[in-house]
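Following: one structure in structure tokens, then a few remarks.
Residue numbers (the numbering used here): 230 to 309.
Written as structure tokens, this is what we have:
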């Protein structure tokens, strides 16, 4: 999957090859894998974690925001 995390001032993350992502919204923690259905949610203040193709993990704190999954392969998080 392709992951982009954007703020009003910059693109903080722009990565291809993301294997999975974990985030949190008002209903709790959730995971997204490749080919997930299109999805839109409002994120809670939390840490977003993802696994890269090489198995390494990355993390990014978000202060609210919106996560969209499009076409089963493109994730975008817009946050402050």
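C-beta atoms are modelled at their ideal positions from N, C-alpha and C, and glycine is treated no differently.
The structure displayed is predicted, hence computed values, not measured ones.
- In this structure, the CA atom of residue 249 is about 14 angstroms from the CA atom of residue 276.
- Bounds of the beta strand (DSSP E) holding residue 299 are 294 to 299.
- The three-state reading of DSSP puts residue 305 in strand, counting E and B together.
- A residue is called buried when at least 16 other Cβ atoms come within 10 angstroms of its Cβ; residue 261 meets this threshold and is buried.
- Secondary structure note for residue 280: its beta strand (DSSP E) is the uninterrupted segment 275 to 280.
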